[in-house]
Amino acid sequence: MSNLAYETDPSEIVTHEAEPVLQTLRPVPRISIQAFCETEAVSSPIERAGEDRRMAKAHLKVHMGGVATAVEFYQTAATPNLIIVESSSEPKEMVASLQQLAQVCDPSSKVVIIGHYNDVWLYRELMRAGISEYVVAPISMADIVSVIANIFVDPDAEPVGRSIAFLGAKGGVGSSTLAHNLAWAVSNLFESEVVVADLDLAFGTANINFDQDPAQGIAEAVFSPERIDEVYLDRLLAQCAERLSLLAAPSTLDRVYDFDAEAFAQIIDTTQRTAPVLVLDIPHIWSGWTKTTLARADEIVITAMPDLANLRNTKNLIDTLKKLRPNDKPPKLILNQTGIPKRPEISLEDFSEPLGVTPLAAIPFDPQFFGNAANNGRMLGEMDAKNPIVETINDLAHILTGRREIKAKKKAGLSGMLERLKRKS
Ligand SMILES: Nc1ncnc2c1ncn2[C@@H]1O[C@H](COP(=O)(O)OP(=O)(O)OP(=O)(O)O)[C@@H](O)[C@H]1O
Ligand SMILES: [Mg+2]
Numbered sequence: 022m023s024n025l026a027y028e029t030d031p032s033e034i035v036t037h038e039a040e041p042v043l044q045t046l047r048p049v050p051r052i053s054i055q056a057f058c059e060t061e062a063v064s065s066p067i068e069r070a071g072e073d074r075r076m077a078k079a080h081l082k083v084h085m086g087g088v089a090t091a092v093e094f095y096q097t098a099a100t101p102n103l104i105i106v107e108s109s110s111e112p113k114e115m116v117a118s119l120q121q122l123a124q125v126c127d128p129s130s131k132v133v134i135i136g137h138y139n140d141v142w143l144y145r146e147l148m149r150a151g152i153s154e155y156v157v158a159p160i161s162m163a164d165i166v167s168v169i170a171n172i173f174v175d176p177d178a179e180p181v182g183r184s185i186a187f188l189g190a191k192g193g194v195g196s197s198t199l200a201h202n203l204a205w206a207v208s209n210l211f212e213s214e215v216v217v218a219d220l221d222l223a224f225g226t227a228n229i230n231f232d233q234d235p236a237q238g239i240a241e242a243v244f245s246p247e248r249i250d251e252v253y254l255d256r257l258l259a260q261c262a263e264r265l266s267l268l269a270a271p272s273t274l275d276r277v278y279d280f281d282a283e284a285f286a287q288i289i290d291t292t293q294r295t296a297p298v299l300v301l302d303i304p305h306i307w308s309g310w311t312k313t314t315l316a317r318a319d320e321i322v323i324t325a326m327p328d329l330a331n332l333r334n335t336k337n338l339i340d341t342l343k344k345l346r347p348n349d350k351p352p353k354l355i356l357n358q359t360g361i362p363k364r365p366e367i368s369l370e371d372f373s374e375p376l377g378v379t380p381l382a383a384i385p386f387d388p389q390f391f392g393n394a395a396n397n398g399r400m401l402g403e404m405d406a407k408n409p410i411v412e413t414i415n416d417l418a419h420i421l422t423g424r425r426e427i428k429a430k431k432k433a434g435l436s437g438m439l440e441r442l443k444r445k446s
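Reminder that position 256 of the sequence shown reads as 277 in the numbering used here, one-by-one numbering, no gaps.
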């Protein structure tokens with residue numbers, strides 16, 4: 022039996038974003054980009070590319086007008102790192118007009134042309150003239166982000182690891198517990214290296230849950246970001262299982278933790294370069310740095326309990342995150358601690374309906390199982406690998422790492438769960 026709450030519709034549950042090509046791209050560095058467009062069909066995907074989270078550090082400005090406008094503009098202005106120009110001219114005319122652009126363009130600036138002719142001669146001429154890329158319209162937002170990433174992201178570097186951020190819709194809902202157990206499941210099931218970063222510096226519980234007491238941890242990294250590199254990161258990681266390591270929170274109150282919005286950017290960046298999966302255990306607060314961290318995560322999992330305050334907060338979180346991440350799927354949702362005896366609760370359907378997001382799973386309240394695991398510093402899967410809650414967590418591990426959709430045989434289990442939830446409400 023499983024507690025998964027999805028009816029199997031594979032198109033619903035693949036974890037990929039709307040544009041799969043974006044998934045493989047690393048964030049674009051802090052570069053300046055100016056685009057000169059003749060048509061809205063080209064300017065609008067470029068504008069949208071500028072809102073993509075992978076472009077968060079880059080500065081993009083879109084002007085209307087093609088090569089001539091660009092040439093005039095750069096008579097007086099310095100050229101940026103990248104100029105994107107749309108030109109609907111036919112090949113020979115285009116090559117001639119670009120010579121004028123070359124005269125006002127700093128040699129260090131890269132140029133991408135968006136044209137309307139699919140022409141081999143033109144392509145060769147442009148490459149020979151030092152144009153970085155020629156793209157034939159129509160173009161999509163993802164095309165633009167990929168073109169930019171291909172030029173500016175170091176092609177020799179390892180592909181970036183995926184970050185999965187966990188956040189509770191309210192305090193104490195079980196977000197950290199699920200984050201730790203899911204991280205453990207991923208490392209255990211897929212033999213994949215996983216790092217858990219406990220971002221709750223004051224009160225984090227990852228050290229308790231994994232029975233670790235490292236001398237150093239995430240605080241060293243956030244308080245001295247200039248020291249962070251892959252070697253330093255290795256020293257901060259505490260090994261919890263064969264392929265699982267922890268950036269532990271100090272969980273002390275000797276200092277206060279008023280971070281600026283970028284405080285965790287460096288450590289997250291570095292960790293993502295070293296491990297394929299990074300689980301971010303984010304405390305239930307809304308601040309500059311939690312917002313930034315969530316905006317940049319590859320995947321977000323909200324844990325909620327089935328009551329009104331959780332529903333209201335989840336709704337606000339989902340709405341806000343959709344605006345912050347217009348090109349990503351909405352956050353994933355897990356209902357936790359369902360079926361607390363004598364406690365009225367909102368049914369799964371009533372909880373999902375206003376959100377437009379169906380929870381991936383509903384995990385029942387089981388104080389004995391969770392309590393024993395926590396008190397022993399063990400993961401649920403180590404306590405009882407056959408427990409249905411562990412099965413659910415394993416299924417979630419598959420879904421969150423994009424490995425598979427929910428198994429068909431689970432259907433019986435989930436309709437059973439839905440039935441029970443209905444009866445309770
Ligand atoms: N399904 C469950 N059944 C029973 N107890 C649970 C369940 N899920 C979590 N718990 C317990 O709830 C408590 C709070 O969990 P946890 O610390 O993970 O919540 P949180 O959302 O991270 O809280 P915080 O707001 O402090 O970060 C823990 O004692 C945990 O063992
Ligand atoms: Mg927590």
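By construction, the Cβ of each residue, glycine as well, lies at the ideal position given by its N, Cα and C atoms.
Given F285, which residues of its chain have a CB within under 7 Å of its CB, disregarding the five upstream and five downstream residues? For this step, residue 285 is matched to residue 264 along the sequence shown. Excluding sequence neighbours, F285 sits near L220, V243, W310 and T314.
May I ask you to check if the CB of I384 is nearer than 7 Å to at least one heavy atom of ligand 1? Within the sequence shown, numbered from 1, the residue matching residue 384 stands at position 363. Result yes, Cβ under 7 Å from ligand 1.
Short Cβ contact (8 Å threshold) for K131 with N331: Numbered from 1 along the sequence shown, position 110 holds the residue referred to as residue 131. Numbered from 1 along the sequence shown, position 310 holds the residue referred to as residue 331. Not closer than 8 Å, so no.
If you pair each beta-carbon of the segment 396-405 with each one of the segment 225-233, do three or more pairs fall below 8 Å? yes
Quick one, which of S245, I323 and R264 has its alpha-carbon nearest I288's? Reading the sequence shown from its first residue, position 267 is the one you call residue 288. That would be S245, whose Cα lies nearest to the Cα of I288.
At 3 residues or longer, and completely inside the segment 217-281: list those beta strand (DSSP E) runs for me, N to C. 259-262 and 265-268
Can you tell which of A62, P409, I414 and E61 has the C-alpha that lies nearest to the C-alpha of T324? Residue mapping note: residue 324 aligns to position 303 of the sequence shown, counting from 1. Cα-wise, what sits closest to T324 is I414.
Within the same chain, show all residues whose beta-carbon is closer than 7 Å to that of A91, passing over the 5 residues directly before and after it, in chain order. Here residue 91 refers to the residue found at position 70 of the sequence shown. For A91, where only same-chain residues beyond five positions count, the Cβ hits under 7 Å are F57, I104, V106 and L122.
So, using beta-carbon positions, are M326 and N357 closer together than 8 Å? As a working note, residue 326 is residue 305 in the sequence shown. As a working note, residue 357 is residue 336 in the sequence shown. A contact, by the Cβ cut-off of 8 Å.
Endpoints, beta strand (DSSP E) assigned at F94: As a working mapping, residue 94 is identified with position 73 in the sequence shown. First-last for F94: V88 to T97, but that is the alpha helix (DSSP H), not the beta strand (DSSP E).
Taking the C-alpha atoms as reference points, what is the distance between I172 and L147? Here the question's residue 172 lines up with position 151 in the sequence shown. Here the question's residue 147 lines up with position 126 in the sequence shown. Cα-Cα distance, rounded: 16 Å.
Do S197 and ligand 1 come close, with the Cβ less than 7 Å from some heavy atom? Locating residue 197 in the sequence shown gives position 176, where the first residue counts as 1. Checking the Cβ of S197 against ligand 1 gives yes.
Pull the bridge partners of N357 from the DSSP assignment, please. Looking up residue 357 in the sequence shown gives position 336. Answer is I384.
Residues near M85 by beta carbon distance below 7 Å, same chain, minus five either side: Position 64 of the sequence shown, counted from the start, is the residue given in the question as residue 85. So the list reads C58 and S64, once near-sequence residues are dropped.
Close Cβ partners of L274 (< 7 Å) along its chain, the five nearest in sequence each way excluded: By 1-based counting over the sequence shown, the position of residue 274 is 253. Excluding sequence neighbours, L274 sits near A223.
So M404 and A394 are in contact, right, with Cβ under 8 Å, and what is the actual spacing, rounded? Here the question's residue 404 lines up with position 383 in the sequence shown. Here the question's residue 394 lines up with position 373 in the sequence shown. So it is a contact: roughly 5 Å between Cβ atoms.
Under a Cβ-count criterion, where at least 16 other Cβ atoms within 10 Å of its own Cβ denotes burial, should R74 be classed as buried or exposed? As a first step, residue 74 must be located in the sequence shown, where it is residue number 53. Classification for R74: buried.
Can you list, in chain order, the residues of its chain whose CB lies under 7 Å from that of A70, leaving out five sequence neighbours each side? Your numbering for residue 70 matches position 49 in the sequence shown. For A70, where only same-chain residues beyond five positions count, the Cβ hits under 7 Å are M76, M162, I165 and V166.
Assuming V174 and R364 form a contact by the criterion Cβ under 8 Å, report the distance between their Cβ atoms to the nearest whole angstrom. Sequence index remark: in the sequence shown, residue 174 carries index 153 (1-based). Sequence index remark: in the sequence shown, residue 364 carries index 343 (1-based). Actually they do not touch by this definition, with Cβ atoms about 50 Å apart.
Along the chain, where does the alpha helix (DSSP H) that runs through T341 open and close? The residue labelled residue 341 in the question sits at position 320 within the sequence shown. It spans L329 to L345 - the alpha helix (DSSP H) in which T341 sits, taken as one unbroken run.
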